[in-house]
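Chains A and B supply the protein sequences, listed in that same order.
Using the working numbering, the letters of the first sequence map in sequence onto residues 1 to 196.
Using the working numbering, the letters of the second sequence map in sequence onto residues 197 to 392.
In what follows, a structure is listed as structure tokens, so that the remarks can point back to it.
Protein chains: 2
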Amino acid sequence: MPVSMLDFFETYIKAHSTFSSEEIAAIKSVAISKRLKKKQYLLRPGDVCRFHTFVCSGCLRYYRLGSDGAEHILSFSPDNHWVSDQVSLSTGSPSDDYIDALEDSDIIQVSADNFRSLMREIPNFDVLHAKIVTEDCGRNRDRIYMMISHQAEERYRQFVRLYPQLYHRIPLFMIASYLGVTRETLTRIRGSANDI
Amino acid sequence: MPVSMLDFFETYIKAHSTFSSEEIAAIKSVAISKRLKKKQYLLRPGDVCRFHTFVCSGCLRYYRLGSDGAEHILSFSPDNHWVSDQVSLSTGSPSDDYIDALEDSDIIQVSADNFRSLMREIPNFDVLHAKIVTEDCGRNRDRIYMMISHQAEERYRQFVRLYPQLYHRIPLFMIASYLGVTRETLTRIRGSANDI
Chain A
1 MPVSMLDFFE TYIKAHSTFS SEEIAAIKSV AISKRLKKKQ YLLRPGDVCR
51 FHTFVCSGCL RYYRLGSDGA EHILSFSPDN HWVSDQVSLS TGSPSDDYID
101 ALEDSDIIQV SADNFRSLMR EIPNFDVLHA KIVTEDCGRN RDRIYMMISH
151 QAEERYRQFV RLYPQLYHRI PLFMIASYLG VTRETLTRIR GSANDI
Chain B
197 MPVSMLDFFE TYIKAHSTFS SEEIAAIKSV AISKRLKKKQ YLLRPGDVCR
247 FHTFVCSGCL RYYRLGSDGA EHILSFSPDN HWVSDQVSLS TGSPSDDYID
297 ALEDSDIIQV SADNFRSLMR EIPNFDVLHA KIVTEDCGRN RDRIYMMISH
347 QAEERYRQFV RLYPQLYHRI PLFMIASYLG VTRETLTRIR GSANDI
């Protein structure tokens with residue numbers, strides 16, 4: 001099982017840039033493969049985030065508790081996505097947030113220190129990292145744009161377009177949380193959006 | 197005037213990390229100072245974003261037009277903030293967005309190529325860049341959290357806390373656009389929030 005996760009990770013990084021076989025070996029040598037059970041936590045408030053996490057299969061969820069105890073979902077990370085608390089990871093400050101597994105999930109982790117060494121020693125790994133960060137910035141910017149400019153129905157349609165593999169796997173109340181609408185609103189939208 | 201902008205920029209970078217006088221000279225040698233008039237554009241849809249822009253004084257605005265022609269403000273950049281279309285800057289793809297000056301503004305620009313060289317040659321410049329990117333990610337994540345979990349009134353209070361120097365300088369309809377509420381809603385909120 002661990003071998004196939006590392007092979008999955010290798011396929012991903014090769015799809016994004018060119019690496020020599022020595023570079024691939026160096027990257028894989030610091031990549032830790034791990035299996036999470038559904039509902040298992042990767043990060044909780046007070047923890048310092050120490051790893052860059054890449055999802056090979058399954059789906060992770062990044063969320064923050066409101067003062068009323070409600071879970072507010074900031075992102076879903078299905079296969080081929082990365083997840084971490086970027087601020088905690090870079091500054092070493094404790095996180096305010098949770099990361100857990102929505103399904104049994106296979107992940108690859110690289111510690112912050114090893115990740116930094118790879119960026120320093122392998123120029124194309126630095127390029128890969130810049131690409132990941134840029135995509136993440138772009139996604140967040142587009143999400144903010146949708147939040148300030150579109151109604152819930154169009155935001156739901158956009159979610160379905162962006163995550164076609166996810167919307168039928170995730171419980172309705174979690175999609176509602178991600179979109180910032182009530183479950184009732186989302187039920188109504190889905191009822192009228194069956195023709196999507 | 198250009199000298200004082202470069203000095204302002206030098207103070208900013210020294211406050212974030214340690215640089216030798218040679219490194220400071222190298223950074224300043226590729227920094228272009230520019231004065232923008234109010235309403236002047238720095239970026240328009242179709243342009244490729246070629247510069248990292250740092251604001252010394254004044255305020256820039258980053259926005260996207262909706263299909264109905266409305267301006268949706270994604271960020272304000274007052275002094276000591278950076279602004280660019282990160283995706284266009286890294287990928288070379290044309291931008292969908294506008295950046296313009298809300299006030300007469302003094303800025304420093306560093307081209308993408310020169311910025312990359314500085315990151316490669318000056319380790320602490322790379323650290324500074326990572327810090328800027330992380331802060332930006334954190335700000336966007338917190339804004340998404342506020343959007344999905346808080347009502348307009350609390351989001352306005354948060355805006356005032358984050359940008360105490362801005363909220364009285366920016367026209368009401370622009371703050372409403374940034375918050376994703378109507379001007380009428382914001383007027384009502386401000387009326388009831390005079391005790392902030």
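All C-beta atoms in this analysis are idealised placements derived from N, C-alpha and C, irrespective of residue type, glycine included.
Fair warning: this is a prediction, and the values are worked out from it, not measured in the lab.
When 8 Å is used as the limit between beta carbons, A:M174 is near no residue of chain B, the shortest such separation being about 12 Å. Shown here, A:K34 sits in a strand according to DSSP, grouped into three states.
Runs of beta strand (DSSP E) with 3 or more residues, each lying fully within the region 145-184 of chain A, are absent. By a beta-carbon distance limit of 8 Å, B:A222 contacts B:L314. Their separation comes to about 7 Å. For A:Y145, the residues of chain B that pass the 8 Å Cβ criterion are R260, H268 and L270, in the order they occur in the chain. Within the DSSP bridge table, the entry for B:F215 names no partner. For A:V160, the nearest beta carbon of chain B is not closer than 8 Å to its own beta carbon.
Take B:G288, set aside five residues on each side of it, and the residues of its chain with a beta-carbon closer than 8 Å to its own are V244, in chain order.
DSSP places A:H129 within a helical segment (H, G or I) once states are collapsed to three.
B:V283 is not bridged by DSSP to any residue. B:Y259 is not a Cβ neighbour of B:V279, given a cutoff of 8 Å. Three or more beta-carbon pairs drawn from the region 292-299 of chain B and the region 258-275 of chain B are found closer than 8 Å, and the two stretches are therefore classed as touching. Look at B:G376: its C-beta is under 8 Å from a C-beta on chain A.
Annotation: the continuous beta strand (DSSP E) that includes B:L256 extends over C255 to L261. Rounded to the nearest whole angstrom, the CA to CA distance from A:S67 to B:H346 is 10 Å.
Put simply, the CB of A:C49 is far from chain B, with every gap to its CB atoms at 8 Å or more. Counted as a single uninterrupted DSSP element, the stretch harbouring B:L314 is not any beta strand (DSSP E) but the alpha helix (DSSP H) occupying residues A308 to E317. Straight-line spacing of the CA atoms in A:V30 and A:D113 works out to 10 Å. Taking 8 Å as the cut-off, the Cβ atoms of A:Y145 and B:H268 count as close.
Counting along the chain, the unbroken beta strand (DSSP E) around A:S75 starts and ends at E71 to P78. Assignment of B:D293 by DSSP, reduced to helix, strand and coil, places it in the coil class. When rounded, the separation of the alpha-carbon atoms in B:S229 and B:I318 is 21 Å.
When the Cα atoms are used, A:L89 and A:E154 turn out to be separated by approximately 34 Å.
For B:L239, the enclosing beta strand (DSSP E) has its first and last residue at Y237 to L239.
Distance between B:D322 and B:R316, taken at the CA atoms: about 7 Å. Between A:C56 and A:I13, the CB-CB gap reaches or exceeds 8 Å. Collapsing the DSSP output to three states places B:C245 in coil. Classified as exposed, B:G387 has fewer than 16 neighbouring CB atoms from the shown chains inside 10 Å of its CB. Leaving aside the five residues that flank B:G265 on each side, none in its chain has a CB nearer than 6 Å to its CB. For A:D104, the three-state secondary structure derived from DSSP is coil.
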